[in-house]
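Below is one structure, written out as structure tokens; the observations come after it.
2 protein chains.
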Amino acid sequence: MKRREIVKVLGLGVAAAGLAACTEEKKTVAADCAQPAASAAPEKPETIEWKMVTTWPKNFPGLGTGANDLADLIDKMSGGRIKVKVYGAKELVGALEIFDAVSRGTAEMGHGAAYYWKGKTRAAQFFAAVPFGLTAQEMNSWLYHGGGMELWEEVYAEFGLIPGAAGNTGVQMGGWFNREINGVEDLKGLKMRMPGLGGEVLKRAGGTPVLLPGGEIFTSLQSGAIDATEWVGPYNDLAFGLYKAAKYYYYPGWHEPGTTLECFINKEAFEKLPADLQVIVRNALRVANQDMLADFTAKNNEALQQLVNEHGVELRQFPDDVLKQIRALSDEVVAEEAAKDPMSQKVFESFVKFREQAIKWHAVSEQSYLNARTL
Amino acid sequence: MKRREIVKVLGLGVAAAGLAACTEEKKTVAADCAQPAASAAPEKPETIEWKMVTTWPKNFPGLGTGANDLADLIDKMSGGRIKVKVYGAKELVGALEIFDAVSRGTAEMGHGAAYYWKGKTRAAQFFAAVPFGLTAQEMNSWLYHGGGMELWEEVYAEFGLIPGAAGNTGVQMGGWFNREINGVEDLKGLKMRMPGLGGEVLKRAGGTPVLLPGGEIFTSLQSGAIDATEWVGPYNDLAFGLYKAAKYYYYPGWHEPGTTLECFINKEAFEKLPADLQVIVRNALRVANQDMLADFTAKNNEALQQLVNEHGVELRQFPDDVLKQIRALSDEVVAEEAAKDPMSQKVFESFVKFREQAIKWHAVSEQSYLNARTL
Numbered sequence: 004m005k006r007r008e009i010v011k012v013l014g015l016g017v018a019a020a021g022l023a024a025c026t027e028e029k030k031t032v033a034a035d036c037a038q039p040a041a042s043a044a045p046e047k048p049e050t051i052e053w054k055m056v057t058t059w060p061k062n063f064p065g066l067g068t069g070a071n072d073l074a075d076l077i078d079k080m081s082g083g084r085i086k087v088k089v090y091g092a093k094e095l096v097g098a099l100e101i102f103d104a105v106s107r108g109t110a111e112m113g114h115g116a117a118y119y120w121k122g123k124t125r126a127a128q129f130f131a132a133v134p135f136g137l138t139a140q141e142m143n144s145w146l147y148h149g150g151g152m153e154l155w156e157e158v159y160a161e162f163g164l165i166p167g168a169a170g171n172t173g174v175q176m177g178g179w180f181n182r183e184i185n186g187v188e189d190l191k192g193l194k195m196r197m198p199g200l201g202g203e204v205l206k207r208a209g210g211t212p213v214l215l216p217g218g219e220i221f222t223s224l225q226s227g228a229i230d231a232t233e234w235v236g237p238y239n240d241l242a243f244g245l246y247k248a249a250k251y252y253y254y255p256g257w258h259e260p261g262t263t264l265e266c267f268i269n270k271e272a273f274e275k276l277p278a279d280l281q282v283i284v285r286n287a288l289r290v291a292n293q294d295m296l297a298d299f300t301a302k303n304n305e306a307l308q309q310l311v312n313e314h315g316v317e318l319r320q321f322p323d324d325v326l327k328q329i330r331a332l333s334d335e336v337v338a339e340e341a342a343k344d345p346m347s348q349k350v351f352e353s354f355v356k357f358r359e360q361a362i363k364w365h366a367v368s369e370q371s372y373l374n375a376r377t378l
Numbered sequence: 004m005k006r007r008e009i010v011k012v013l014g015l016g017v018a019a020a021g022l023a024a025c026t027e028e029k030k031t032v033a034a035d036c037a038q039p040a041a042s043a044a045p046e047k048p049e050t051i052e053w054k055m056v057t058t059w060p061k062n063f064p065g066l067g068t069g070a071n072d073l074a075d076l077i078d079k080m081s082g083g084r085i086k087v088k089v090y091g092a093k094e095l096v097g098a099l100e101i102f103d104a105v106s107r108g109t110a111e112m113g114h115g116a117a118y119y120w121k122g123k124t125r126a127a128q129f130f131a132a133v134p135f136g137l138t139a140q141e142m143n144s145w146l147y148h149g150g151g152m153e154l155w156e157e158v159y160a161e162f163g164l165i166p167g168a169a170g171n172t173g174v175q176m177g178g179w180f181n182r183e184i185n186g187v188e189d190l191k192g193l194k195m196r197m198p199g200l201g202g203e204v205l206k207r208a209g210g211t212p213v214l215l216p217g218g219e220i221f222t223s224l225q226s227g228a229i230d231a232t233e234w235v236g237p238y239n240d241l242a243f244g245l246y247k248a249a250k251y252y253y254y255p256g257w258h259e260p261g262t263t264l265e266c267f268i269n270k271e272a273f274e275k276l277p278a279d280l281q282v283i284v285r286n287a288l289r290v291a292n293q294d295m296l297a298d299f300t301a302k303n304n305e306a307l308q309q310l311v312n313e314h315g316v317e318l319r320q321f322p323d324d325v326l327k328q329i330r331a332l333s334d335e336v337v338a339e340e341a342a343k344d345p346m347s348q349k350v351f352e353s354f355v356k357f358r359e360q361a362i363k364w365h366a367v368s369e370q371s372y373l374n375a376r377t378l
């Protein structure tokens, strides 16, 4: 008989209540007393039922499916002791209401990206994506071994939430353009769907960042209401059919170089879990974090070939001069944003210090190697 | 009372034996019968005791400590149901005997790198490091979402082993040289400590690969017995003091661009585990895989600065022309090696196809972004 089956039969829900009686009356037959009755009417197994609310449409490729995989993994690692039911955006609460919903305990887990919560706590942005910031590998290193996770926990603590990285898209694409970008002056007046800090940088370059939900991007681009849009990368962009509405596919995605997805947990609910389940939940997030990047990498590999070979998409690299100028603007925007409150400044300083070292190390490792491979 | 404490009190070791009695005698008080006696003399909990043999000296930085972390994680995620005792090289069996030891069940787990087993199965090399092969991010994507893991399982199945990736060093350094490498002709006659396929490439370039265990590298380099050596990266190289024995620190590590460490498991022992513990063990490996890379990245960041700023180490990039020629030789060597048996050829074809796509995708994402950041 497997341990988890025994535990199911046991019905931990009544264990505490029954303990005294058993202890008092059956001290001499403690061993027998401790055994479950296999053929007795099965007690209802104690299953912890959790809800995970997400910012993604249910089953959204990569992101929504990543949330599903995470829930499934927690179920399997816990031997069914925790069942996490995943809700797509609007199924239980709206996409941008998940932070509050988990904070107040309406759901136990939330799956999104930290930059959505900048209105609540500006410092959150550093845990999702920063223009000219860290790559996926660097983010993980900063979070797990560079002090980043401790800062993230500090930022979310006041909302009664425990944060965790739960996926990464890798370097995203620069976006779909119906205008050539030959110099930074071509960004002037450019109406581009670009949220967050990237949008701020675009504004500083003279462009007009436009906020649009995913579902409205295609028609806005096709109608000319916007001149350009960023979305994610080949895999998601192909699914949206964006290649049908734009001429050029620019790279690299300087504005989101390693976007970290998150899963935050209601602290009170988490702390009620037995120690082993706490470890299981935390580490399920870490598996999900790695797995989503591996998935995106494989899917982007294939989707890029499809876009180029089957749909004749024209890839364009932003000119060096444009990248240099955008980088300078990005550094300004990010530093100014950080200076707006002490917590943001604290996170920014840790982030920037880590980036400085990572740039030097990756110049002689990842970057140098990737270049050597394509000489 | 926490669930795992209840389970400990229960003493699963006697659960099966005691089951019948409890069922027969106490049907009417099934609920009471099912409760543990908290203050009874604690039964010995059923703990599965496993051994992990490793190719590393006990607690070796990054690699040995990674094995320790993995064992600890399995313990915690399983609520103490599996205890894995880690043995350094030679403590139970020699470093290169671990594959056989786990295969025959002397130990349940082995922690090493797959290229050590090329004498047993040539195809294993593709799961560790291939000259001009995949980076860490690409390896994970190939393994988890590109068919690599299924091939690895096929290769190890005949030895009764289940493989798993359990860490990654990231791109390594090219090595420590007492001779300048200005052209490929400078490799002629070069005596360099370089194992595996990298060594074969060096030989084809006219050099002399030398096999030396870690402990003999420093003195051999200092005495001039060798002209150069590769080891790992700044973190491990600093610990070995190699900067004291060589003039130049070359990059990138074309021969090991994302070395995957492995943890293989005795299949029979694994299959005896209950389903949830199987999932826990497999996913503990995945956490370890990601965590070691994050750890190495952070440690290499710091160690590189120390080497350059405190020890005045001179960093040198291999000239483009050298890299191009070594790449051509690498491709020859790897293809010839693969052609020696059908399984190697099968793995090689999957690997090379994945690399071809990854090069194209990373050219417009990781590579382009890293370059944009240092323009």
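Same order as they appear, the protein sequences are chains A and B.
Residue numbering for the first sequence follows this note's numbering, starting at 4 and increasing by one per position.
Residue numbering for the second sequence follows this note's numbering, starting at 4 and increasing by one per position.
Beta carbons: idealized from backbone N, C-alpha and C, even for Gly.
Alpha-carbon spacing of residue i relative to residue j, whole angstroms
i: I220 (chain A); j: K250 (chain A); result: 15 Å
i: S144 (chain B); j: L296 (chain A); result: 8 Å
i: M346 (chain B); j: F273 (chain A); result: 47 Å
i: K1 (chain B); j: D324 (chain B); result: In the structure as shown, chain B starts at 4 and stops at 378, and residue 1 (chain B) therefore has no counterpart that could be examined.
i: Q128 (chain A); j: H114 (chain A); result: 15 Å
i: A19 (chain A); j: W53 (chain A); result: Any reading at A19 (chain A) must be qualified, since the residue scores a pLDDT of 30, below 50, and its modelled position is unreliable; the value itself is stated next. In a straight line, the C-alpha of A19 (chain A) is about 22 Å away from that of W53 (chain A).
i: A33 (chain A); j: E49 (chain B); result: Per-residue confidence for A33 (chain A) stands at a pLDDT of 35, beneath the threshold of 50, marking its modelled position as unreliable; the derived number appears in the next sentence. One C-alpha to the other measures close to 17 Å.
i: D344 (chain B); j: P322 (chain B); result: 35 Å
i: D240 (chain B); j: G97 (chain B); result: 23 Å
i: F357 (chain A); j: A169 (chain B); result: 25 Å
i: V282 (chain B); j: K79 (chain A); result: 7 Å
i: A375 (chain A); j: P64 (chain A); result: 33 Å
i: H258 (chain A); j: A331 (chain A); result: 13 Å
i: S42 (chain A); j: Y119 (chain B); result: For S42 (chain A), the predicted structure reports a pLDDT of 40, less than 50, and the residue's modelled location is therefore unreliable. A value from the coordinates is still provided. Approximately 51 Å between the Cα atoms of the pair.
i: W2 (chain B); j: I165 (chain A); result: Chain B is shown only over 4 to 378; residue 2 (chain B) falls outside these bounds and no answer can be derived.
i: Q293 (chain A); j: G177 (chain A); result: 23 Å
Residues that DSSP places opposite residue i in a beta bridge
i: P166 (chain A); result: Looking at the DSSP assignment, P166 (chain A) forms no beta bridge with any residue, so it has no partner.
i: R330 (chain B); result: Partner(s): none; R330 (chain B) has no beta bridge.
i: N317 (chain B); result: Reading off the sequence shown, one finds Glu at residue 317 (chain B), where the question assumed Asn. Note: E317 (chain B) sits in a beta bridge opposite B:Y251.
i: G90 (chain A); result: Here residue 90 (chain A) is Tyr; the residue named in the question, Gly, does not match the sequence. Answer is A:V56.
i: G1 (chain B); result: Shown here, chain B extends from 4 to 378; a query on residue 1 (chain B) therefore has no answer.
Neighbourhood of residue i by C-beta, 7 Å cutoff - its chain only, sequence neighbours within 5 removed
i: V174 (chain A); result: T138, P255, G256, P260 and G261
i: V290 (chain A); result: L76
i: L318 (chain A); result: Y252, Y254 and V311
i: R285 (chain B); result: G167
beta-carbon residue i near the ligand ZN non-hydrogen atom, thresh 7 Å
i: A110 (chain B); result: Only the bare structure without any ligand can be found here, which leaves the ligand ZN out of the picture.
DSSP-derived helix/strand/coil call for residue i
i: P322 (chain A); result: coil
i: I229 (chain B); result: coil
i: L349 (chain B); result: According to the sequence as given, residue 349 (chain B) is Lys; it is not Leu. If DSSP states are grouped into helix, strand and coil, K349 (chain B) belongs with the helices.
i: T109 (chain B); result: coil
i: V32 (chain A); result: At V32 (chain A) the pLDDT is 33, less than 50, meaning the model places this residue with poor confidence; the figure from the coordinates comes in the next sentence. Correct three-state label for V32 (chain A): helix.
i: W53 (chain B); result: strand
i: C25 (chain A); result: With a pLDDT of 32 at C25 (chain A), under the threshold of 50, the modelled position of this residue cannot be trusted; read the value that follows with caution. Helix at C25 (chain A).
i: T138 (chain A); result: coil
i: P237 (chain A); result: helix
i: T211 (chain B); result: strand
i: G82 (chain A); result: coil
Own chain partners of residue i with C-beta closer than 8 Å, once the 5 adjacent residues on each side are dropped
i: L280 (chain B); result: I51, S81, R84 and I85
i: G244 (chain B); result: F221
i: S223 (chain A); result: R196, V213, L215, I229 and T232
i: L288 (chain B); result: L73, G167, A168, A169 and C266
Contact set for residue i: own chain, Cβ-Cβ below 6 Å, skip 5 residues either direction
i: E203 (chain B); result: V336
i: L307 (chain B); result: P237
i: A314 (chain B); result: A quick correction: the sequence has His, not Ala, at residue 314 (chain B). Only Y246 meet the Cβ criterion.
i: Y90 (chain B); result: V56
i: G151 (chain B); result: W145
i: A126 (chain B); result: V158, M346, S347 and V350
i: N269 (chain A); result: V105, G108 and E111
i: F162 (chain A); result: S106
Identify every run of the beta strand (DSSP E) within the region 246-280 of chain A, keeping only runs that are complete inside it and at least 3 residues long; order them along the chain. Fully contained in the region 246-280 of chain A are the following beta strand (DSSP E) runs of length 3 or more, in chain order: 251-254 and 263-269.
At 3 residues or longer, what runs of the beta strand (DSSP E) sit wholly inside the region 141-199 of chain B? Qualifying beta strand (DSSP E) stretches, in chain order: 168-171, 178-180 and 194-196.
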